Every structure is written in structure tokens, then in C-alpha cells.
Amino acid sequence: MENIKTAQVYKQMVKWQLIATISVAVLAFVLAESTGAVSGKHAAISALAGGMSAVLGGLAGALIAKSGDKKNNAGAILITMLKAEAVKIFIIALLLFLTFKLYNEHLVPIALILGLAASAILSGAAFFGLDKK
Amino acid sequence: MEAVQFLATIQAYTGIGIGLIIGLGAAGACIGIGIMCASFLEGAARQPEMIPALQGKVFLLLGLIDASFIIGVGLAMMFAFANPLLSVVPH
């Protein structure tokens, strides 16, 4: 079995997250424009805000998790991973809070949730990319 | 006055819902992470040479397990800051 470094995993993860975020943003724009219920521009921005929260949180987590690559002790690696995950969740929650506070007037909540959900779930699709290598 | 009572009731029940979304989501994620970390430590103890190969996958799976919790946090924030249920209260 090959040695898969955290940076490689993150590259795959961010690729899938960006694909998911942009797809949902385009879908939100088209749906909002066709129904006319909300502005397409604001729906797309909301979806991008949701998706990018997950991407930036993942980036912060990856930077911390990368430091665990040099360690050989399983316990130390696990602690680093859990630290990275805690930072990731904190950053995502903070960015979502800021989005809801600062962009409240034009925010389309359902588009934001869909962008966030697609980005968070599809990060797992990186697993298939790693298995192919 | 009735509108204010409706508003208070909706906000109270929404508060309980937000607590349940975050609390149960966190509990589920913690159980999942606990099981996965235990398996990682067990695998590392049996075959230490597999640690580098498992490391990246553990990071990826941590994110996947936490996805449901993160979505829950997003939904909870939606109910906290832009509650769609409040629209039924007449102004």
C-alpha cells in the first residue's frame, strides 16, 4: 500500500469540493432566475459562501494535519488529526456565522445550505480518486 | 399581543430544535470519530508500517464523518439567524 500524504489528500478533496460548490452555485443561479422568487446573483453568492466555508475550513485543517506527516507515533498523529478537525469545524462555524451576520439582507439560506452540504459530502469523493492512483 | 405570543412560542421551540440539531449531531460525530480512531490505533499497533498509508485516509474520513455535523451547524444557524418559520406570524 502506498504512502498517501495529507497534502495529496487535500488536493483531491479541494478539487471535489470546488466542483461541488460551483455546480450548486450555477444550479442555484439557474433555478432562482427561472422561478423569479429570489435574485439569481444572490442565490449563487449564497451557495458559493456556503461551499467556500467548507473549502477554507478544510484548508486550515490540512495545514495543521500536514505537521503530523513527520511523526511516526500513531497517538501523536491522531492528536494532530483531531486538532486539525477541531480547527476546521471552528473555521467553518465562524465563516458561516459571519455570512449570516454580514450578508443577512440578501442571503438565500437554502442555497447556502445546499452549497455547504454538497461541498462537505463530496469531499469524501476524494477517496475514489486516491484509490485509483 | 397574540402575534407576540406566537413569536415567543416559535422562537422557544426553535431554540429547542437548534439545541437538538447541534447536540445530537455532535454526539453522532463523536461516536463515529471514536470508533474510527480506535480502529486506526488498533491497526497501527498490529502493523506499524501501515501508519503512513492510513494517515491520509483517516484525515479524509474524519472530514466525511464530520460532514453531517457541519451541515447540522449550518441548518442550526439558518434557524437562528434567518428563521423561515417566523414568516407565518402576522406583522
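If you read the protein sequences in the order shown, they are chains A and B. In terms of our numbering, the first sequence is numbered consecutively and its last residue is 133. In terms of our numbering, the second sequence is numbered consecutively and its last residue is 1091. Just so it is clear, CB atoms sit at the ideal spot from N, CA and C, and this is done for glycine as well. For clarity, every value in this text was computed on a predicted model and none was experimentally measured.
Are residue i and residue j close, meaning C-beta to C-beta below 8 Å?
{"i": "Gly124 of chain A", "j": "Leu1062 of chain B", "result": "no"}
{"i": "His42 of chain A", "j": "Val108 of chain A", "result": "yes"}
{"i": "Leu112 of chain A", "j": "Gly1074 of chain B", "result": "yes"}
{"i": "Ala1003 of chain B", "j": "Pro1090 of chain B", "result": "yes"}
{"i": "Phe29 of chain A", "j": "Ala44 of chain A", "result": "yes"}
Where do the N-terminal and C-terminal ends of the alpha helix (DSSP H) with residue i fall, by residue?
{"i": "Tyr1013 of chain B", "result": "Glu1002 to Arg1046"}
{"i": "Met1050 of chain B", "result": "Note, Met1050 of chain B: premise wrong, no alpha helix (DSSP H); not H, not E."}
Using three-state DSSP, classify residue i as helix, strand or coil.
{"i": "Gly36 of chain A", "result": "coil"}
{"i": "Pro109 of chain A", "result": "helix"}
{"i": "Tyr103 of chain A", "result": "coil"}
{"i": "Lys11 of chain A", "result": "helix"}
{"i": "Val1089 of chain B", "result": "coil"}
{"i": "Lys71 of chain A", "result": "coil"}
{"i": "Ala1082 of chain B", "result": "coil"}
{"i": "Glu2 of chain A", "result": "Since pLDDT at Glu2 of chain A reaches only 48, below the 50 mark, its modelled position is unreliable, and no value is offered."}
* **Contact between the region 14 to 27 of chain A and the region 82 to 95 of chain A (3+ Cβ pairs under 8 Å)** => Touching, no.
* Is the region 1047 to 1056 of chain B touching the region 1072 to 1090 of chain B in the sense that three or more CB pairs, one from each, lie closer than 8 Å? -> No, the region 1072 to 1090 of chain B does not touch the region 1047 to 1056 of chain B.
* **Given 8 Å, three or more beta-carbon pairs between the region 1010 to 1019 of chain B and the region 48 to 57 of chain A** => These segments do not touch.
* Quick check: the region 1020 to 1038 of chain B against the region 42 to 52 of chain A, are there 3 or more CB pairs under 8 Å? -> The answer is no - the region 42 to 52 of chain A does not touch the region 1020 to 1038 of chain B, with fewer than three Cβ pairs under 8 Å.
* Any contact of the region 72 to 80 of chain A with the region 13 to 22 of chain A, i.e. 3+ C-beta pairs under 8 Å? -> They do not touch, by the three-pair rule.
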